[in-house]
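Asks:
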Amino acid sequence: MINLMTGLKERVAGTKPRERHLLLCGGVPCLSLGCRQVKEAVMRELDNYKLSGEIELLEAGCIGNCRLGPTLIVYPEGVVYRRLTVENAKEIIEGHVLGGRLLEHLLHRDDLTNEIQRRREDMPFYRKQQRLVLRNCGVIPPHIESYMSNQGYAALAKALTELSPGQVIEEILRSGLRGRGGGGFPTGRKWQAAREAEGPRKYVICNGDEGDPGAFMDRSIMEGDPHSVLEGMILAGYAVGAGQGYIYVRAEYPLAVRRLEDAIAEARKALLLGNNILRQGFSFDVEIRVGAGAFVCGEETALISSVEGTRGDPSPRPPFPVSKGVWGCPTVINNVETLANIPPIILNGGEWFSRIGTESSKGTKVFALAGKIRHSGLVEVPMGTTLREVIFEIAGGIPDNKEFKAAQTGGPSGGCLTTGHLDLPLDYESLREAGSIIGSGGLIVMDEDTCMVDVARYFSGFNRQESCGKCTTCRIGTKRMLEILEKIAGGRGTEEDLARLESLAELLRNASLCGLGRSAPNPVLSTLRHFRDEYLAHIREKRCPAGVCPDLTRHVIREERCRGCGLCHNICPAGAISKEGRTFRIDPDKCVDCSACVRECPFEAVRGRKRRKELTRA
Amino acid sequence: MKRTAIKRKEKYQELDGVLEKYKGRKGVLIKALSEAQEMYGFLSREVLIHIACELDVPLSEVTSVVSFYSLFKTEPSGRCHIEICSGTACYVKGMQDLLETLEEEINIKPGEVTGDGRFGLSTVNCVGACSAAPVVKIGDELIGDVDSKRLKQLLGKYGHD
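Taken in sequence, the protein lines are chains A and B.
Counting in numbering that gives the first Met the number 0, the first sequence runs from 0 upward without gaps.
Counting in numbering that gives the first Met the number 0, the second sequence runs from 0 upward without gaps.
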């Protein structure tokens, strides 16, 4: 194995970056905040000072703490400069790189203590994580030489020289690794079934169709560490006896497609893909298939149809893909994060991996935090970490002094966790018991300003739009559920509607063809279970407590902001505003919705009636 | 060969260069359609017929694939195409305000094009930049943390007065 690695390293012939180098986060969120422009500015400055030959500027994948973006890390000190603009480039080069001064105003400060946190290791956001899957994300550039310098492809070399395919599967079985795409099926058992299945050829598919809106860990892994996914796929191919792999990526992720294409080309050149890999007699190649915008293609039978180039229609299971998949041949389908877990397991042993996590859920899980949260981004923690630790200790809690209301996990197939679930260990079983699912790990945090009826309506609209229409229950059921939710949000709902929603949900769960339809009711059932009083407020009192649903909101004066100046009272043409104690109040019967008071108030204390229409997707 | 077929051949020489590599291969229809759309901006009926003939696939099958996937467009968009992300994080953080702003400023809804053909608008199911929500994509440029004010500035940058 050592000889193999030396040979491989000679072929790849990378140079180690010098001690003094700069690392820029090139993840998609940072791109959207202008990191390209910062990069160009830094390069200009390096040129100006004739430093380009000496100091390398590397672009890594997502470093995870997106609130700091665009971010530049100066090595060897590892100092993190955050929220950069083009103007900061000059001072970093002049001040820090040349002058050796720390630029305090560009450093992150703790949310509570205001203490300066210079390096990643100083930030609670990183300190409490255990980065296994994200081991390379945002740490090294996504190229083969950097990957190899961080134990990359050592697991493959080990497997090809020391382990039989059966032993690889045994190692994965021992690790207890379960699918990270949402199903949670034991990966080792899937591989074993595919190995035992008979067929002329076998295939491995990497499911990178991260359709769950709000999840972006797979994108970050594909962009930031594409070789770990490739290595996982080659190992899967070796274990089950497949010769061809496909990576199915969403078209919405153009950067991921580009990085994977580059990685495949690099791997082919290093003899890690193609015929006779590392001259050990095993052949395997990988092709990218780009989706075209259909959520249902994340479902494995639909994904197979799409890989074959047709409509992504799901089909009944059994037969399961492990016995009859692409072109009718046995196919293993694994999620991106699952595959990225494989190399460290093979390298360190299944036993090592099984010591992380809980009894039934081994290893770590990457969560994508977004919504009303201070530090949005990627967080990787051992399975069984509590929701409170993730939201409050790692991600810094809810901004703007708002109250935590719910965390939505599992996207359109999942449900909500509430304040009562804050101490719930995050793993497959506990989340299922709480009426949600871990799903792919998207975690959208909602505060008191989010209406749960509206959230249910949002997901129902999503599921209705994405239903492929093949089976009647899903096609019509999702539409009827959406109609009922729109009726409730519009103030025309009755209590019988809630029972109707529940019975429709039951029907969809039992009679739909694929996972999309079967899980489509989850967001509705979960909000009904935890926020029934909010539904009842919409129905009985015709009131939206969060002030979101357009038909149920009125112009109101927010007491906490009102200073009692009386400007609104003076301008109101309908005489609807009167003094009430220290503040003013709007009489809903007299108000004509002209919004003059909203414009007049200098303290933004009047919350206007929303005139929002239904969300049209096109 | 019929005259119309000859004419079509001449018109789509560029596309034929792309289709050549896919001829006789399995499972390549989606790829071929994506490349054609990249070339022309949308898939006209004529282009679909041409692809069907060249790849020897029934037109009905080509159309069924095109109508299934939301990224395939059969109508031209504006010269500058705006996509508003409608992912969960963007929704919770106010993407609807952005749609309203666009309706006020350039008077279009998702799926429409402005009268002068300058701007086209659609929504997209999550571009995966949730931590910078709400996110807008204009042409190839992805912009995060957008509010109504910023969106108006962006419209100006792309030629709206």
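By construction, the Cβ of each residue, glycine as well, lies at the ideal position given by its N, Cα and C atoms.
(1) My output table needs one value for Pro601 (chain A): the three-state DSSP class, helix, strand or coil.
(2) Output the distance between the C-alpha atoms of Val256 (chain A) and Gly207 (chain A), rounded to the nearest integer angstrom.
(3) Cα-Cα, which of A:Pro140, A:Glu90, A:Thr337, A:Pro587 is closest to Arg258 (chain A)?
(4) Verify the CB distance criterion: does Ala262 (chain A) have a CB-CB separation below 8 Å to chain B?
(5) Since Tyr152 (chain A) and Glu230 (chain A) are thought to touch, with beta carbons under 8 Å apart, how far apart are those beta carbons, to the nearest angstrom?
(6) Go ahead and pull the three-state DSSP assignment for Glu82 (chain B).
(7) Taking the alpha carbon of Cys571 (chain A) as the reference point, which residue from A:Pro587, A:Arg560, A:Gly60 has its own alpha carbon closest?
(8) Give me the subset of the stretch 124-150 of chain B whose CB atoms are less than 7 Å from a CB atom of chain A, sorted by chain position.
(9) Bridge partners of Ala173 (chain B), per DSSP?
(10) What residues from the stretch 85-99 of chain B come within 9 Å of chain C, judged by C-beta to C-beta, listed N to C?
(11) Grab me the residues of Arg542 (chain A)'s own chain with a C-beta within less than 7 Å of its C-beta, minus the 5 sequence neighbours each way, in chain order.
(12) Taking one C-beta from the stretch 83-95 of chain B and one from the stretch 117-135 of chain B each time, how about it: are there three or more such pairs within less than 8 Å?
(13) Identify the residues that DSSP records as bridge partners of Ile585 (chain A): which are they?
(14) With H, G and I counted as helix, E and B as strand and the rest as coil, what does DSSP make of Tyr157 (chain B)?
(15) Inspect the beta-carbon positions of Gly77 (chain A) and Arg43 (chain A) and report whether they are closer than 8 Å.
(16) Secondary structure at Lys478 (chain A), three-state DSSP: helix, strand or coil?
(17) With H, G and I counted as helix, E and B as strand and the rest as coil, what does DSSP make of Thr5 (chain A)?
(18) Pull out every residue of the stretch 20-48 of chain A whose Cβ sits closer than 7 Å to any Cβ of chain B, in chain order.
(19) Can you tell me whether Glu505 (chain A) is buried or exposed? The criterion is at least 16 other CB atoms within 10 Å of its CB, across all chains shown.
(20) Would you say Ser525 (chain A) lies against chain B (beta-carbon separation less than 8 Å)?
(21) Taking the straight line between their C-alpha atoms, what separation do you get for Lys20 (chain B) and Ile287 (chain A)?
(22) Quick one: what's Asp446 (chain A) bridged to in DSSP?
(23) Starting from the beta carbon of Leu28 (chain B), find every residue of chain A whose beta carbon is closer than 8 Å, and list them in chain order.
(24) Residues in the stretch 479-495 of chain A with C-beta within 7 Å of chain B's C-beta atoms, listed in sequence order?
(25) Measuring alpha carbon to alpha carbon, tell me which residue in A:Arg173, A:Gly33, A:Asn274, A:Arg310 is nearest Gly236 (chain A).
(26) What are the residues in the stretch 57-73 of chain B lying within 8 Å of chain A by C-beta distance?
(27) Find the nearest neighbour of Lys404 (chain A) within the set A:Arg108, A:Ala196, A:Gly98, A:Thr526, judged by alpha-carbon distance.
(28) Using a Cβ-Cβ distance under 8 Å, would Gly155 (chain B) count as near chain A?
(29) Assuming Ala293 (chain A) contacts Gly308 (chain A) under a Cβ cut-off of 8 Å, what Cβ separation, rounded to an integer in Å, is found between them?
(30) Could you tell me the alpha carbon to alpha carbon distance between Gly434 (chain A) and Trp190 (chain A), rounded to whole angstroms?
(31) Please state if the CB of Leu54 (chain B) and the CB of Leu22 (chain B) are separated by a distance shorter than 8 Å.
(32) So with Cβ pairs under 8 Å, would you call Arg536 (chain A) a contact of chain B?
(33) So, does the CB of Gly186 (chain B) fall closer than 8 Å to a CB anywhere in chain A?
(34) Considering only C-alpha positions, which residue in the set A:Asn462, A:Leu524, A:Lys486, A:Ile538 is nearest to Cys513 (chain A)?
(35) Taking the C-alpha atoms as reference points, what is the distance between Asn334 (chain A) and Ser353 (chain A)?
(36) Taking buried to mean at least 16 other C-beta atoms within 10 Å of its own C-beta, is Ala455 (chain A) buried or exposed?
Replies: Here's the rundown:
(1) On the first sequence, position 602 is the one that residue 601 (chain A) refers to. Pro601 (chain A): coil per DSSP, three-state reduction.
(2) What you label residue 256 (chain A) is simply residue 257 of the first sequence in a count that begins at 1. What you label residue 207 (chain A) is simply residue 208 of the first sequence in a count that begins at 1. Answer to the nearest angstrom: the Cα atoms are 10 Å apart.
(3) In the first sequence, counting from the first residue as 1, residue 258 (chain A) sits at position 259. Nearest C-alpha to Arg258 (chain A): A:Pro140.
(4) Taking the first sequence and counting its residues from 1, one reaches residue 262 (chain A) at position 263. Not closer than 8 Å to any Cβ of chain B, the Cβ of Ala262 (chain A) fails to qualify, so no.
(5) Within the first sequence, the letter at position 153 stands for residue 152 (chain A). Within the first sequence, the letter at position 231 stands for residue 230 (chain A). About 6 Å separates the two Cβ atoms, so the contact holds.
(6) Numbered from its first residue, the second sequence carries residue 82 (chain B) at position 83. Correct three-state label for Glu82 (chain B): strand.
(7) Working through the first sequence from its first residue, we reach residue 571 (chain A) at position 572. Of A:Pro587, A:Arg560, A:Gly60, the smallest CA-CA separation from Cys571 (chain A) is found for A:Pro587.
(8) Within the stretch 124-150 of chain B, the qualifying residues are Asn124, Cys125, Val126, Gly127, Ala128, Cys129, Ser130, Ala131, Ala132, Val134, Leu141, Ile142, Gly143, Asp144.
(9) The requested residue 173 (chain B) does not occur in the structure, where chain B is confined to residues 0 to 160.
(10) Given the protein chain composition of this structure (A and B), no chain C is represented.
(11) Working through the first sequence from its first residue, we reach residue 542 (chain A) at position 543. Listed in chain order, the non-local C-beta contacts of Arg542 (chain A) below 7 Å within the same chain comprise Ala536, Leu551, local neighbours out to five positions each way being set aside.
(12) yes
(13) Against the first sequence, residue 585 (chain A) aligns to sequence position 586. Its beta-bridge partners are A:Ile576.
(14) On the second sequence, residue 157 (chain B) is found 158 positions in, with the first residue counted as 1. Note: Tyr157 (chain B) maps to coil in three-state DSSP.
(15) Taking the first residue of the first sequence as 1, we reach residue 77 (chain A) at position 78. Taking the first residue of the first sequence as 1, we reach residue 43 (chain A) at position 44. Taking 8 Å as the cut-off, the beta carbon of Gly77 (chain A) is found no closer than this to the beta carbon of Arg43 (chain A).
(16) For the purposes of this step, residue 478 (chain A) is identified with residue 479 of the first sequence, where counting begins at 1. In the structure shown, Lys478 (chain A) sits in a helix (DSSP, three-state: H, G or I).
(17) Here the question's residue 5 (chain A) lines up with position 6 in the first sequence. Here Thr5 (chain A) sits in helix by DSSP.
(18) Val27, Pro28, Leu30, Ser31, Leu32
(19) In the first sequence, counting from the first residue as 1, residue 505 (chain A) sits at position 506. By the 10 Å Cβ count, Glu505 (chain A) comes out exposed.
(20) Counted from its first residue, the first sequence places residue 525 (chain A) at position 526. So, not an interface residue.
(21) Residue numbering aside, residue 20 (chain B) sits at position 21 when the second sequence is read from its first letter. Residue numbering aside, residue 287 (chain A) sits at position 288 when the first sequence is read from its first letter. Straight-line Cα distance between these residues: approximately 16 Å.
(22) Counting from 1 along the first sequence, the entry for residue 446 (chain A) is found at position 447. For Asp446 (chain A), which the question treats as bridged, DSSP gives the partners A:Phe403.
(23) Position 29 of the second sequence, counted from the first residue, corresponds to residue 28 (chain B). Those are Gly308, Thr309, listed as they occur along chain A.
(24) none
(25) Residue numbering aside, residue 236 (chain A) sits at position 237 when the first sequence is read from its first letter. Gly236 (chain A) has its Cα closest to that of A:Asn274, out of A:Arg173, A:Gly33, A:Asn274, A:Arg310.
(26) Glu60, Ser63, Val64, Phe67, Tyr68, Ser69, Leu70, Phe71
(27) Along the first sequence, read from residue 1 onward, the residue named residue 404 (chain A) stands at position 405. If we check each option's Cα against that of Lys404 (chain A), A:Thr526 comes out closest.
(28) As a first step, residue 155 (chain B) must be located in the second sequence, where it is residue number 156. No, Gly155 (chain B) does not count as interfacial toward chain A.
(29) Position 294 of the first sequence, counted from the first residue, corresponds to residue 293 (chain A). Position 309 of the first sequence, counted from the first residue, corresponds to residue 308 (chain A). About 13 Å; that fails the 8 Å criterion.
(30) By 1-based counting over the first sequence, the position of residue 434 (chain A) is 435. By 1-based counting over the first sequence, the position of residue 190 (chain A) is 191. So the two alpha carbons sit approximately 29 Å from each other.
(31) Position 23 of the second sequence, counted from the start, is the residue given in the question as residue 22 (chain B). Position 55 of the second sequence, counted from the start, is the residue given in the question as residue 54 (chain B). It is Lys, not Leu, that sits at residue 22 (chain B) in the sequence shown. Taking 8 Å as the Cβ cut-off, Lys22 (chain B) and Leu54 (chain B) qualify as a contacting pair.
(32) The count along the first sequence starts at 1 and reaches residue 536 (chain A) at position 537. In the sequence on display, residue 536 (chain A) carries Ala and not Arg. At a cut-off of 8 Å between C-beta atoms, Ala536 (chain A) does not count as an interface residue with respect to chain B.
(33) Residue coverage of chain B in this structure runs from 0 to 160, which leaves residue 186 (chain B) outside it and unanswerable.
(34) Taking the first sequence and counting its residues from 1, the one referred to as residue 513 (chain A) is at position 514. Checking every option, the nearest Cα to that of Cys513 (chain A) belongs to A:Asn462.
(35) Along the first sequence, read from residue 1 onward, the residue named residue 334 (chain A) stands at position 335. Along the first sequence, read from residue 1 onward, the residue named residue 353 (chain A) stands at position 354. Approximately 19 Å, taken between the alpha carbons.
(36) Reading the first sequence from its first residue, position 456 is the one you call residue 455 (chain A). Buried, because 16 or more other Cβ atoms sit within 10 Å of the Cβ of Ala455 (chain A).
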